[in-house]
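Shown next, in structure tokens, is the structure this report addresses.
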Amino acid sequence: MSYSEWKTTKLFELINTVSETYKFSENQTVVLINTSDILEGKVLNHSKVFPINVAGQFKKTFKRNDILYSEIRPANKRYAYIDFESNNYVASTKLMVLRTKSKDIYNKFLYHFLKSNDTLKTLQAVAESRSGTFPQITFTELSNLEINLPTLKEQQAIANILSSLDDKIELNNKINKNLEELAQTLYKQWFVDFDFPNDDGLPYKTSGGEMVESKLGLIPKGWEVKELSDMAVVSSGKRPPIKVKKKTSEYKYPVIGASGVMAYTQEYNIDEKILSIGRVGTHGIVQRITEKVWVSDNTLTIKSNLYEFVYQILNQFDYKSLNRGSTQPLITQTDVNKIGILVPKNDLLKYFEKVVSSLFEVHKYNLIQNYKLAETRDLLLPKLMSGEIRVPIKE
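Position in the sequence shown counted from 1, then plus 121, gives you the working numbering.
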């Protein structure tokens, strides 16, 4: 089938929006799915709760192979493909439940069409053209989009290529999560539970290792109580000169805010391996910086030769204890410098750094690979969907 034979049709001929109401039962737990609970294809929340005083917005049922699609701000990528049994899940009325009604379209082909940058850009423009509190779309507007349909076999082949890239990204994300948890577990075992290996390779505290009194309680003999400033340099970020929302060849350096990349700029003020935490606003997110960036003035930077050890300390610290802000959360450089820490013997610290840094080398490699995979997918998607690149199909 040549591209000229692809069928152009509008989505309303192929899909429905489903508004089946969930029937709540007494003493039954459910998972409530709001727009914030889905992102870039995945459902983020799977926690069951008792539906007591459930807001009226949670009404919709959905099932395997449905697509959840937020009516609000399409560019935020709040969509998900349902690849699991969802009997006890209830969706917000702000989520469209999209379901195919025609045999002419393959579910995953539809999903990749809806998540494409071109589709999101079109829908975002529609949303912003409407008056209202939020940029919002309706099913009527979404279903009026045109889609080009090859044969079902080619739709499946295209979807399989794109989904395989998504699956590899997801696998890398799972591996990275496991690596992070392994590093956290090792830190807790050695520096919180004090079961680091003793001279005989046995867990120190469990094997009867000597403990002594300190202002932080009982600690292993030979350890010291210090402040973060004894092993790290804490500095404040700076206000970026000129910044833009989207990355370009000119504005290529990420501007790091309290919770992540907030913009891009032409210059950088960091070109070394550091950690970053929020100073104003969001607290508790510790960012690992290993590239040229501009760290903004609502963050603090932490530089240390014991990078992994300090990262774990900061990652598990309760920042509420440092908050000085009344209307807006605020922590100071001085307070962070005074964070109390337990410092073990140097050989144990070196060993911990060696083990954990090797884990995060794999972690970093996976992140780089995911960036390249996503870039490849996003380049392929419009070309496959438009027929510019054809997938060989055996007749």
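Here a beta-carbon is modelled for each residue, glycine too, at the ideal position from N, C-alpha and C.
Test: residue i CB closer than 8 Å to a CB of chain C
| i | result |
| --- | --- |
| Phe260 | No chain C appears in this structure, which consists of one protein chain only. |
Residue i to residue j span [Cα, whole Å]
| i | j | result |
| --- | --- | --- |
| Glu429 | Ile282 | 37 Å |
| Pro513 | Met506 | 14 Å |
| Asn186 | Val313 | 45 Å |
| Thr214 | Pro195 | 15 Å |
| Asn209 | Thr240 | 31 Å |
| Val175 | Gly381 | 32 Å |
| Glu393 | Ser425 | 11 Å |
| Thr327 | Ile159 | 43 Å |
| Lys413 | Ile395 | 11 Å |
| Pro324 | Trp311 | 9 Å |
| Trp127 | His233 | 17 Å |
| Val464 | Ile193 | 49 Å |
| Lys504 | Ser285 | 16 Å |
| Tyr373 | Arg409 | Note that residue 373 corresponds to Lys in the displayed sequence, not to Tyr. Rounded to whole angstroms, Lys373 to Arg409 spans 18 Å at the Cα level. |
| Thr64 | Ser237 | Residue 64 lies beyond the residue range present for the chain, which begins at 122 and ends at 516; the question has no answer from this structure. |
| Lys342 | Thr403 | 37 Å |
| Leu339 | Leu292 | 41 Å |
| Asp351 | Gly461 | 10 Å |
Burial state of residue i (16 or more Cβ within 10 Å)
| i | result |
| --- | --- |
| Tyr101 | Since the first residue of the chain shown is 122 and the last is 516, residue 101 is not available in this structure. |
| Gly162 | buried |
| His167 | exposed |
| Asn299 | exposed |
| Asp439 | exposed |
| Arg400 | buried |
| Arg251 | exposed |
| Val78 | What is shown of the chain runs 122 to 516, which leaves residue 78 out entirely. |
Nearest-angstrom beta carbon gap, residue j and residue i [assumed within contact, 8 Å]
| i | j | result |
| --- | --- | --- |
| Ile398 | Leu427 | Contact doesn't hold; Cβ gap of about 16 Å is too wide. |
| Tyr227 | Gln277 | 5 Å |
| Leu135 | Lys274 | About 17 Å separates the two Cβ atoms, so there is no contact after all. |
| Ile154 | Leu216 | 7 Å |
| Val355 | Val457 | 5 Å |
| Glu388 | Trp415 | 6 Å |
| Asn265 | Lys131 | 6 Å |
| Lys366 | Ala384 | 6 Å |
Three-state secondary structure (DSSP) of residue i
| i | result |
| --- | --- |
| Trp415 | strand |
| Glu496 | helix |
| Val88 | The shown model of the chain, from 122 to 516, leaves out residue 88, and the question about it has no answer. |
| Ser397 | strand |
| Glu334 | coil |
| Val431 | helix |
| Met383 | strand |
| Tyr374 | strand |
| Asn166 | coil |
| Ser146 | coil |
| Asn390 | coil |
Exercise for review: Return the chain-ordered ranges of every beta strand (DSSP E) run that is complete within the region 434-477 and spans a minimum of 3 residues.
Suggested key: Qualifying beta strand (DSSP E) stretches, in chain order: 461-464.
Practice item. Please specify which runs of the alpha helix (DSSP H), each continuous and at least 4 residues long, are wholly inside the region 191-255, giving them in chain order. Key: Listed in chain order, the alpha helix (DSSP H) runs fully inside the region 191-255 are 228-236 and 238-250, counting runs of at least 4 residues.
Check your understanding: Whole alpha helix (DSSP H) runs in the region 251-319 with 4 or more residues, listed along the chain?
Key -> Listed in chain order, the complete alpha helix (DSSP H) runs (minimum 4 residues) inside the region 251-319 are 260-264 and 273-312.
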